[in-house]
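Numbering (this note's numbering), first residue to last: 45 to 303.
Every residue gets a Cβ at the ideal spot worked out from N, C-alpha and C, and that includes glycine.
Comments concern the structure below.
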Amino acid sequence: MSRVLVIGATGLAGREVVKQCLHRGLGTRGLSRHPDKSKNRHDGAEYLAGDAFTGAGLAEAMKGVDVVIDAMDGKFGKARKQLPVAAGHIAEAARTAQVPRVVVLSIVNVDQVRFAYYQAKAAQEQAYRDSDVESVVVRTTQFHDLVTGVFDGGRKVGVTPVLRGARFQTIATADAAKALVDAALNPGSKNVTVGGPEQLDMAVMARIYRQFTGVRGPKIPLPIPGALGHYWRNGVNLVPDGAVRGTTYAEWLEERERA
Ligand SMILES: NC(=O)c1ccc[n+]([C@@H]2O[C@H](COP(=O)([O-])OP(=O)(O)OC[C@H]3O[C@@H](n4cnc5c(N)ncnc54)[C@H](OP(=O)(O)O)[C@@H]3O)[C@@H](O)[C@H]2O)c1
45 MSRVLVIGAT GLAGREVVKQ CLHRGLGTRG LSRHPDKSKN RHDGAEYLAG DAFTGAGLAE
105 AMKGVDVVID AMDGKFGKAR KQLPVAAGHI AEAARTAQVP RVVVLSIVNV DQVRFAYYQA
165 KAAQEQAYRD SDVESVVVRT TQFHDLVTGV FDGGRKVGVT PVLRGARFQT IATADAAKAL
225 VDAALNPGSK NVTVGGPEQL DMAVMARIYR QFTGVRGPKI PLPIPGALGH YWRNGVNLVP
285 DGAVRGTTYA EWLEERERA
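Right under this line is the structure:
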């Protein structure tokens, strides 16, 4: 039986990774800075304290592990700058503990966008490539949660924001997690890019959102300037050949609203 260490085990994606590891009967350990305080834990998994930015706790967490899945995040400021540093610490701890492979969660075409967060993600990928440990990068499209977060933000003030010209191929975190666990369990796995089952204009996603949530009020078209706008308007965030047969946006939203 493989034993998996999930870094970022309490996060949106990491929680799904832990869930799937447990479903597949794998020994599952998660790393968190505050494992005792987190509500996002699954029964059956072991949680250890550690901080990938400093490297604290990584040596202990790697003991007896066959593969590491890195699903951690650091979106803003200092944390963002620390992402590649953390990758270096994780890779070094894996090498020292003779853990053969690290699988890392990243974003479609992240190296083609001059947006600070994406540049940090690209640097994180590079830190793994530069390390002495074998790494596999699983890049996915935006999660269903991300676009829904924009709609939910508008819901609070009675509007539905729609980023002008944006088109997405959003994926359920469960489907992203499946790709990560598949890569972790297959010793011959290569870097892979996966996306959700359908490509939708954000305006269409807004229609689906309003249908399932009952939200009314005006749809507000918003410009998306800069590199991120270019990424979302010009299909750089899409992966036509990498669509999974997974949960559609409507299915995911229906489930969320029912919960
Ligand atoms: N959102 C999207 O649409 C999307 C699409 C494709 C890929 N991704 C990628 O998916 C990954 C996960 O994103 P997410 O939204 O699931 O993140 P999230 O919900 O914000 O969770 C972040 C996780 O990182 C952990 N973490 C942060 N700093 C840490 C540190 N210093 N040491 C150890 N753990 C640390 C947190 O654990 P504790 O707080 O418990 O320590 C938490 O479990 C990111 O790398 C992101 O780029 C996201």
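For residue i, three-class secondary structure by DSSP
i, result
"alanine 93", "strand"
"aspartate 87", "coil"
"threonine 237", "strand"
"lysine 263", "strand"
"proline 144", "coil"
"arginine 302", "helix"
"arginine 254", "helix"
"proline 205", "strand"
"arginine 173", "helix"
"leucine 282", "coil"
"leucine 190", "helix"
Residues near residue i by beta carbon distance below 6 angstroms, same chain, minus five either side
i, result
"valine 206", "Met246, Ala247, Ala250, Lys263, Pro265"
"arginine 158", "Ala271"
Cα-Cα separation, residue i to residue j
i, j, result
"threonine 54", "serine 82", "7 angstroms"
"serine 179", "glycine 286", "20 angstroms"
"valine 129", "threonine 291", "34 angstroms"
"lysine 165", "glutamate 298", "31 angstroms"
"glycine 279", "glycine 240", "14 angstroms"
"arginine 254", "arginine 260", "7 angstroms"
"glycine 234", "glycine 202", "The question names glycine, but residue 234 in the sequence shown is lysine. Looking at the two C-alpha atoms, the distance is approximately 45 angstroms."
"glycine 232", "alanine 220", "19 angstroms"
"alanine 131", "glycine 198", "35 angstroms"
"alanine 167", "isoleucine 252", "35 angstroms"
Nonlocal neighbours in the same chain, by C-beta distance under 7 angstroms from residue i, ignoring five residues either side
i, result
"lysine 119", "Tyr161"
"isoleucine 134", "Ile51, Ala96, Leu102, Val112, Asp114, Val146"
"aspartate 196", "none"
Residue i CB to nearest heavy atom of ligand 1 below 6 angstroms
i, result
"glutamine 186", "yes"
"isoleucine 151", "yes"
"arginine 77", "yes"
"threonine 54", "yes"
"leucine 190", "yes"
Cβ neighbours of residue i in the same chain (closer than 8 angstroms, five flanking residues each side left out)
i, result
"alanine 141", "Ala103, Met106, Lys107, Val109"
Practice prompt. Count the CB pairs spanning the region 206-218 and the region 186-194 that are closer than 8 angstroms, and state whether there are at least three.
Written response: yes
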